[in-house]
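Quick note: the sequence shown, position 245, residue 245 per full-length UniProt numbering, numbers continuous.
Notes follow once the structure below has been shown.
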Amino acid sequence: MARAALIADAEPLPEADRLDDFPHPRETLSLIGHDAALSMLTDTLAGGRMHHAWLLAGPKGIGKATLAYQFAKIALARPEERDLFGQGMSIEPNSPTDRQIRALSHPGLLVIRRTYDPKTKRFSQTIPVDEVRRLKTFLALSAESQGWRVVIVDSADDMNANAANALLKSLEEPPPRTIFLVVTSAPGRLLPTIRSRCRIAVLSPLSEADLKRGAAQALTSAGKPVPEAHDWEPLLPLAQGSVGRALTLLGGGGLALQARIDAILNGLPKLDAKAVHALGDDLQAAAQERKFELFFELYQATIARLISVQATGKGPERDIALAGRLIGPARLATFAELWETTARDKADTSALNLDRKSLILGSFARLEAASRG
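Spelled out as structure tokens, the structure:
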């Protein structure tokens, strides 16, 4: 029994920023699609002009965290570990610094993210202030051999108000040779005072070619099959240039969820109550948290896409037809408000642990009412 307990204690805890059994961003073999951003950071570092704080901004799953860890490895590497023919944009794989960062054991790196409670077996809904307060001890230490220290916040969107204010204090009084890499998918929602103390690097969604390369790299590393050429056709529009979204769609039942959303929307303005209740039942259980989150990402993205199609008149023919039927030129504002209301309700449901099925039923009920209006 004692031996079993020791083995259990040695097992790594789940990570909120790891997608299923795919490699974590710090374990990803190579950065794809963001060479220009990495080059800007490394040039600034090499030229002695390194700003103390950077916002790495862009949609979810496009490689912001991968960029942060790749640059952290370069900043913390010993000179002999750098492998760029003198250009400094990568380090030798399996070098001491690479291994330490992959194991989260490098003394010059601190990662701030949502925490996991082994007792409740749940992640915190936000990054708590105590997590950010670890900065005080970390920043009190001297940098190793006049090197750098790197703080990665992934993601800043998850910080509660107290945590954001605690981070702001460190950004206002940064110690020398410290770099903050603050990952965000919604920079406009951060405190203006945090944004004002950071330089911003905006990362764009990946091209189709880079998306396929990034997804293939992750799938191969996880020992999973890579989609055939014809399988990408339904996946690419939904992935929206995000490797993370593509992997979730492939492995998390995302394509099936999207099909259920589309079927319900195609039936409007008459709501298929039976299908909506079945969807709510399937996503109600606590064990379906990740699938529930994916559902709302897809649901909100679908509504946003239809709003955009109606406003611009551009998009696939089926979307143009559906948007014209459900929204029309007179209801754009109504649907935009519906999107905002659903986003707020979703945030409240997650923060207060409210009933998921009620949220799903209410969201579709409002959608039905808007489409009838």
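Each residue gets a CB set at the ideal place from its N, CA and C atoms; glycine is no exception.
Inclusion of Asp154 and Ala65 in the CB contact set at 9 Å is warranted, their separation being smaller than that value. Taking all protein chains shown into account, Lys212 has 16 or more neighbouring C-beta atoms within 10 Å of its C-beta and is therefore buried. Bounds of any alpha helix (DSSP H) do not take in Ile112; it lies within the beta strand (DSSP E) bounded by 109 to 112. Residue state for Leu55 is assigned as strand, using DSSP reduced to three classes. Per the C-alpha coordinates, the member of Trp339, Glu340, Gly267 positioned closest to Arg372 is Gly267.
Note on Ala333: under 16 other CB atoms within 10 angstroms of its CB, so exposed under the neighbour-count rule. Three or more Cβ pairs drawn from the stretch 295 to 315 and the stretch 252 to 260 lie within less than 8 Å of each other, which places the two stretches in contact. Between Val226 and Leu219, the gap from beta carbon to beta carbon is short of 9 Å. For Met159, the beta-bridge partners assigned by DSSP are Ile127. Glu368 sits buried, since 16 or more C-beta atoms from the chains shown fall within 10 Å of its C-beta. The straight-line gap separating the alpha-carbon atoms of Arg99 and Pro187 is approximately 31 Å. Contact between Gly244 and Gly61 is confirmed by a C-beta separation of about 2 Å, below the 8 Å threshold. Look at the stretch 163 to 201 and you find these whole runs of beta strand (DSSP E), each 3 residues long or longer: 178 to 184. Taking 9 Å as the cut-off, the beta carbon of Arg197 is found no closer than this to the beta carbon of Leu238. Residue state for Asp154 is assigned as strand, using DSSP reduced to three classes. Taking a 10 Å sphere around the C-beta of Leu76, we find 16 or more other C-beta atoms and assign the residue as buried. With at least 16 other beta carbons inside 10 angstroms of its own, Ile194 counts as buried. For Val226, there is no enclosing alpha helix (DSSP H), as DSSP marks it with neither H nor E.
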